[in-house]
Amino acid sequence: MTSTEALNSNELETLLESEADIVFLESLTLNDNSAVLPLEESEESITELIDQFSSSLPDAEIILFPSNPLLNPRFYLTQIDELSEYAEDLSVHYADHWEAWPDVTDPEIEEYATSGIPTEQGHEILADYMMQFLNE
0 MTSTEALNSN ELETLLESEA DIVFLESLTL NDNSAVLPLE ESEESITELI DQFSSSLPDA
60 EIILFPSNPL LNPRFYLTQI DELSEYAEDL SVHYADHWEA WPDVTDPEIE EYATSGIPTE
120 QGHEILADYM MQFLNE
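Quick note on numbering: the sequence shown equals residues 0 to 135 in numbering that gives the first Met the number 0.
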């Protein structure tokens, strides 16, 4: 789903009622990119999601992280760079796990994400990165 669809989903209500201590919020930038959602709308949706989590779960730590990398992402890479800058202005932690993946110009990256979806190896990279991030 896109970030705007996430705002209107039934799953969001379930998450807001979850009493979570930590919220891992994927930016959904890859889905927004595929749906040709303007970057400004994507950022507005992320801000609204964060506001809703902050309001409903005031004691929870919110960790925003980008969608997974792809081979030769072109405009998507620009969106991820802008997300990183945008995250600096938000009251959340930003986990830039892209640094743990192979370079986006290296065809090896397709072993970790196929058709935009992380493989088992890709999920391992993300999980290992998040564990390290939480321990810092």
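C-beta atoms are modelled at their ideal positions from N, C-alpha and C, and glycine is treated no differently.
_Taking a contact to mean a Cβ-Cβ separation below 9 Å, would you say S41 touches D50 in this structure?_
no
_Any contact between the region 83 to 97 and the region 107 to 121? By contact I mean 3 or more CB pairs, one from each, below 8 Å._
no
_I'd like the span of the beta strand (DSSP E) that includes L24, first residue to last._
21 to 25
*In terms of residue numbering, what span does the beta strand (DSSP E) encompassing E60 cover?*
60 to 64
*Should F52 be labelled buried (16 or more other beta-carbon atoms within 10 Å of its own) or exposed?*
buried
*asked:* For a test of the three-state rule: what should DSSP assign to P57, helix, strand or coil?
replied: coil
*So A126 is in the alpha helix (DSSP H); what residue range does that whole segment cover?*
119 to 134
*Whose CA, out of L27, I21, Y111, lies closest to the CA of S55?*
I21
*Test item: CB-CB of L76 and G115 under 9 Å*: no
*Member of V103, L6, E84, S26 whose CA lies at the smallest distance from the CA of N71*: V103
*Have a look at S26, S33, T1, S17 and flag the residue whose alpha-carbon is nearest the alpha-carbon of A59.*
S17
*Assuming W97 contacts P117 (C-beta within less than 8 Å), just tell me the rounded distance between them.*
Incorrect: roughly 12 Å between the Cβ atoms, too far for contact.
*Buried or exposed (CB count within 10 angstroms, at least 16 for buried), T113*: exposed
*Could you have a look at A94 and say whether DSSP puts it in helix, strand or coil?*
coil
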